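S.K.:
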Amino acid sequence: MKETPFGPVYDNVLEGVGKTPMVKISNIDTGPCELYLKLEASNPGGSIKDRIGIAMIEAAEREGKLKPGGTIIEATAGNTGLALALVAAQKGYKTIIVVPDKMAQEKIFHLKALGADVRLTRSDVGKGHPDYYQDMAERIAKKTGAFYVNQFGNAANPVAHEKGTGPEIWGQMDNDLDAIVAGVGSGGTITGLSNFFNETAPDVEIILADPKGSILTDYVNTGAIPNEVGSWLVEGIGEDFIPDIADLSRVKAAYGITDRESFEAARDLLRKEGILAGSSSGTILAAALKYCRAQKKKKRVVAFVCDRGDKYLSKMFNDYWMYDQGFLKRAPKGDL
Ligand code: PMP
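By my numbering, the letter at position 59 of the sequence shown is numbered 500, and the numbering carries on one by one without gaps.
1) Grouping DSSP H, G and I as helix and E and B as strand, with all else coil, what is I678?
2) Keeping to the same chain, check which residues put their C-beta closer than 8 Å to that of I549; ignore five residues upstream and five downstream.
3) Quick one: using the 10 Å Cβ neighbour count with 16 as the cut-off for buried, is S627 buried or exposed?
4) For M577, which residues from the same chain have a beta carbon less than 8 Å from its beta carbon, with the 5 sequence-adjacent residues on both sides left out?
5) Quick one: give me the first and last residue of the beta strand (DSSP E) that P541 is part of.
6) Any idea what DSSP makes of Y451, helix, strand or coil?
7) Enumerate in chain order the residues of its own chain whose CB-to-CB distance from I683 is below 6 Å, with the five nearest sequence positions on each side excluded.
8) Closer than 8 Å by C-beta to K553: which residues in its own chain qualify, once you throw out the five before and the five after it? Chain order, please.
9) Just to confirm before moving on: does the CB-CB distance between A744 and L478 stay below 8 Å?
10) Measure the C-alpha to C-alpha separation of K774 and H602 and round it to an integer number of angstroms.
11) Report the rounded CA-to-CA distance for D644 versus D615, giving the unit in angstroms.
12) For A695, write down the residues that DSSP places opposite it in a beta bridge.
13) Would you say I666 and I647 are within 8 Å of each other, going by their C-beta atoms?
14) The alpha helix (DSSP H) with A729 in it runs from where to where?
15) Using only the alpha-carbon positions, how far apart do I513 and A772 sit?
16) What's the call for E504, buried or exposed, on a 16-neighbour Cβ count within 10 Å?
17) Quick one, which of D491, L674 and L657 has its alpha-carbon nearest G767's?
18) With three or more beta-carbon pairs closer than 8 Å as the criterion, would you say the stretch 468-475 touches the stretch 712-724?
19) Between the beta-carbon of G607 and the beta-carbon of L649, is there less than 8 Å?
20) Report the CB separation of M442 from D452 in whole angstroms; it is logged as a contact under 8 Å.
21) Which of the three DSSP states is assigned to F758 in this structure?
22) Please classify Y761 as buried or exposed, where buried requires at least 16 other C-beta atoms within 10 Å of its C-beta.
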């Protein structure tokens with residue numbers, strides 16, 4: 442890889458993972474705060490998950506769990522699958538990717554285009570059910586002898602954020618930062634950031650952005666795991682269980698955000714700031730704005746654009762879909 446004043450020149454696309462840019466919110470009202478978004482959608486696979494895709498595959502190679510030409514299997518909302526399939530294609534591995542059927546079609550098409558063997562399964566069942574995506578991936582792994590990556594229990598996942606995402610944020614903010622707002626899917630991002638900032642700058646507050654219906658908001662705010670799990674349309678974040686790798690002990694507060702708030706925030710982000718971001722980024726932005734607007738004095742805050750919005754053009758960016766889901770009051774006029 443070569444750095445030039447005009448940008449880096451990579452020997453391989455994987456060298457382009459990480460060192461993502463940040464952009465300051467300039468048109469949306471952020472109260473007394475400065476709010477910066479870390480554009481993880483700039484990663485070559487299009488999401489924050491590229492970081493852990495490389496980290497988990499290289500850890501498995503080092504530990505001898507993955508042999509040349511071997512098969513990788515993962516349960517994913519799509520982005521971890523895209524990251525693994527990208528890395529696997531470069532390194533000559535095969536991939537089987539198990540995805541719940543509520544996820545955007547564009548992710549499925551992208552996975553297939555990368556050569557992944559995609560297995561769709563039900564979105565309406567929980568852990569312990571044979572059709573639950575993680576149970577299904579584990580079962581296929583046992584049957585085929587494929588390497589089950591298991592981002593929810595893989596120690597290399599948070600380490601990628603502790604060693605990569607955390608130091609990048611701290612450096613980009615000139616070591617002057619008050620809070621970070623992030624979501625939890627596997628918990629890798631928040632756990633890695635907690636570990637890094639615990640050592641480097643323990644005063645930095647970690648704030649959770651969580652879809653309404655997920656158990657994590659109540660868990661963080663009350664310490665109890667609620668019996669009831671709801672459902673939500675936002676993709677990639679919110680949980681019905683606490684992942685093994687997730688350490689939420691440093692999370693200061695959690696905001697439960699409705700689908701409507703998430704989608705409106707993502708649509709606003711595009712129209713007012715020109716940033717085309719995915720649905721989880723909408724949740725994170727909505728939570729970050731609630732946090733920022735509640736502050737009494739200026740704070741410097743970082744939030745995430747986890748993936749690109751072009752995967753969701755036929756969903757939350759489409760007025761007809763928004764109307765069908767009940768998020769827009771009036772039917773849109775004009776052509777599809
Ligand atoms: N946003 C999106 C779009 C995702 O796919 C994910 C991971 N499922 C996350 C956020 C959450 O990241 P993490 O797994 O590190 O908690």
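Glycine residues also receive a C-beta, built at the ideal position from the N, C-alpha and C atoms. If you're wondering where the values come from, they're calculated on a predicted model, not measured in any experiment.
M.R.: The answer reads as follows:
1) Working through the sequence shown from its first residue, we reach residue 678 at position 237. In the three-state reduction of the DSSP assignment, I678 falls in the coil class, being assigned neither a helical nor a strand state.
2) Walking along the sequence shown from the start, residue 549 turns up at place 108. Excluding positions up to five away in sequence, the list reads G519, V540, V559 and L561.
3) Locating residue 627 in the sequence shown gives position 186, where the first residue counts as 1. Flag for S627 reads buried.
4) Locating residue 577 in the sequence shown gives position 136, counting from the first residue. Same-chain partners within the cutoff: A516, V539, R560, T562 and P571.
5) Numbered from 1 along the sequence shown, position 100 holds the residue referred to as residue 541. Its beta strand (DSSP E) spans residues K535 to P541.
6) Along the sequence shown, one-based indexing puts residue 451 at 10. Three-state DSSP puts Y451 in coil, outside helix and strand.
7) The count along the sequence shown starts at 1 and reaches residue 683 at position 242. No residues qualify anywhere along the chain.
8) Locating residue 553 in the sequence shown gives position 112, counting from the first residue. Closer than 8 Å at the Cβ level, and outside the excluded window around K553, lie V559.
9) Start at 1 with the first residue of the sequence shown, and residue 744 comes out as number 303. Start at 1 with the first residue of the sequence shown, and residue 478 comes out as number 37. Yes, these two residues count as a Cβ contact at 8 Å.
10) Here the question's residue 774 lines up with position 333 in the sequence shown. Here the question's residue 602 lines up with position 161 in the sequence shown. Cα to Cα, K774 sits roughly 44 Å from H602.
11) The count along the sequence shown starts at 1 and reaches residue 644 at position 203. The count along the sequence shown starts at 1 and reaches residue 615 at position 174. Their Cα atoms are separated by approximately 15 Å.
12) Here residue 695 corresponds to residue number 254 of the sequence shown, with the count starting at 1. DSSP lists L649 as partners of A695.
13) In the sequence shown, the residue the question calls residue 666 occupies position 225. In the sequence shown, the residue the question calls residue 647 occupies position 206. No, they are not a contact pair.
14) Reading the sequence shown from its first residue, position 288 is the one you call residue 729. A729 -> alpha helix (DSSP H) spans S720 to R734.
15) Within the sequence shown, residue 513 is the residue found at index 72, counting from 1. Within the sequence shown, residue 772 is the residue found at index 331, counting from 1. Those two C-alpha atoms are separated by around 44 Å.
16) Taking the first residue of the sequence shown as position 1, residue 504 is located at position 63. So E504 ends up on the exposed side.
17) Here residue 767 refers to the residue found at position 326 when the sequence shown is read from its first residue. Selected option, being the one with the closest Cα: L674.
18) Verdict: yes, contact present.
19) Residue mapping note: residue 607 aligns to position 166 of the sequence shown, counting from 1. Residue mapping note: residue 649 aligns to position 208 of the sequence shown, counting from 1. For G607 and L649, no; Cβs fall outside 8 Å.
20) What you label residue 442 is simply residue 1 of the sequence shown in a count that begins at 1. What you label residue 452 is simply residue 11 of the sequence shown in a count that begins at 1. Going by Cβ atoms, the distance from M442 to D452 rounds to 6 Å, so yes, they are a contact pair.
21) Taking the first residue of the sequence shown as position 1, residue 758 is located at position 317. The answer is coil: DSSP assigns F758 none of H, G, I, E or B.
22) As a working note, residue 761 is residue 320 in the sequence shown. Burial call: exposed.
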